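Residue 119 in my numbering sits at position 100 of the sequence shown; the count goes up by one each step and never skips.
Just so it is clear, CB atoms sit at the ideal spot from N, CA and C, and this is done for glycine as well.
If you're wondering where the values come from, they're calculated on a predicted model, not measured in any experiment.
Here is the structure we will look at.
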Amino acid sequence: MLDLPCNQHSMFYFTDGTITLLVLKPTCETLYKLYPGFLARHSPVFEAMLSLPWSSSSQTTEEQSDDNPIVLHGIVQQEFNHLLCYLHGHDSELERQEFLTSVLKLSDFYQINSGFWHAVAELKHLSPAAFKPSLKLCLEAHWMGMEYFWILATMKAQIEEHYHALAYTKPALDQSNDCQTPWVCATVWKEEWWNGIACHLLHPKSPCWGQSGIIALLQETDFNGGICASCKAGIMLKLKNSPTLWYEEDQEDIAAVLVMVAQMDGYVG
């Protein structure tokens with residue numbers, strides 16, 4: 020136990036409570052005295068936690084006291100206050116977004132489904148335009164489970180990095196012997212790649228990735244009549260057979276195998 024000032028929480032220290040929790044701050048400690056059945060009813064994490072002995076003398080939760088509390092390491096006191104307010108039916112209109120974000124975060128941590136989905140609905144209603152990507156990532160992780168999410172997020176990052184690199188690496192134009200304007204074809208191909216294809220690959224919202232998407236984009240490009248038919252056919256054939264454009268499909272196959280392995284090994288519930 021740290022030698023810091025210790026205070027009983029003004030709202031969540033019930034004298035007839037039978038479980039004492041401690042949340043640390045850099046300058047003080049705060050004690051919460053709560054009802055274990057109430058916490059266990061809302062959270063399977065608390066249910067499992069409170070069924071364990073909590074001291075070197077194997078105290079049960081019924082024998083907890085201010086001198087022997089359960090320490091909630093890594094929990095921010097204000098966020099824990101917000102969660103308890105929600106669980107006890109005390110919603111907050113002050114600093115509304117901070118309150119709901121705290122409920123979302125700790126509900127996910129303690130597997131409190133009602134709190135999680137309440138916070139999601141309220142945050143979307145509070146400011147639909149501000150329903151940030153970070154919150155969407157949190158939702159995806161919640162829906163999939165962290166093991167699935169990590170595999171798929173890693174795959175997505177690798178695919179994005181690959182196509183960003185491809186955008187800056189123009190494929191060489193293998194010119195046909197039938198080409199009558201080699202310099203013109205090479206110049207137009209270079210300009211079209213940098214000003215057209217690369218822009219689609221780097222588009223921040225709807226990038227054109229994958230073999231079929233890039234090939235379709237090239238087929239629709241007329242190159243302002245600057246590339247002869249034989250050179251265009253040659254670059255189309257080259258890209259169709261290039262493993263570079265199959266990277267996304269290959270990574271998806273690898274991710275699918277990793278998910279299957281995780282399931283068989285029991286890592287994904």
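Distance from the Cα of Thr206 is smallest, within the candidate group Val64, Val122 and Ile246, for Ile246. Looking from the CA of Asn87, the closest CA among Val64, Gln130 and Leu41 belongs to Leu41. Contact between the region 253-262 and the region 220-228 is absent: fewer than three C-beta pairs spanning the two stretches fall below 8 Å.
C-alpha of Thr263 to C-alpha of Ile216: approximately 15 Å in a straight line.
Per the coordinates, the alpha-carbon of Gln27 lies some 8 Å from the alpha-carbon of Lys52. Excluding its 5 nearest sequence neighbours in each direction, Cys104 has C-beta neighbours in its own chain below 7 Å: Ser111, listed in chain order. Residue burial is scored here from C-beta neighbours: Leu113 has fewer than 16 other C-beta atoms within 10 angstroms and is therefore classed as exposed.
Using a Cβ-Cβ distance cut-off of 8 Å, the region 235-242 and the region 195-203 are not in contact, since fewer than three pairs of beta carbons, one from each stretch, lie closer than that value. A Cβ-Cβ distance of about 6 Å is found for the pair Leu69 and Ala59, placing them in contact under the 8 Å criterion. In this structure, the straight-line span from the alpha carbon of Gln270 to that of Gly229 is close to 11 Å. Counting the other CB atoms within 10 Å of its CB gives Ser121 a total of 16 or more, which places it among the buried residues. Under the criterion of beta carbons closer than 8 Å, His137 and Leu106 do not qualify as touching, at roughly 11 Å. Excluding its 5 nearest sequence neighbours in each direction, Ser84 has C-beta neighbours in its own chain below 7 Å: Thr39, listed in chain order. Leu119 is the residue among Ser29, Phe128, Lys124 and Leu119 whose C-alpha sits nearest the C-alpha of Ala140. Under the DSSP assignment, Leu40 falls in the beta strand (DSSP E) whose first and last residues are Ile38 to Leu43. No Cβ-Cβ contact shorter than 8 Å links Glu267 with Ile131.
With respect to the C-alpha of Ser195, the residue from Ala184, Met255 and Leu50 having the closest C-alpha is Met255.
Looking from the CA of His183, the closest CA among Thr173, Leu220, Ala191 and Trp212 belongs to Leu220. For Glu48, the enclosing beta strand (DSSP E) has its first and last residue at Glu48 to Leu53.
Considering only Thr188, Cys204 and Ile233, the residue with the shortest C-alpha distance to Trp213 is Thr188. Per DSSP, Cys104 is one residue of the alpha helix (DSSP H) stretching across Gln96 to Leu106. Separation of Leu102 and Trp265 (C-alpha to C-alpha, rounded to the nearest whole angstrom) is 47 Å. The C-beta distance from Tyr32 to Leu50 rounds to 6 Å, short enough to meet the 8 Å contact threshold. Under the criterion of beta carbons closer than 8 Å, Leu123 and Leu145 do not qualify as touching, at roughly 12 Å.
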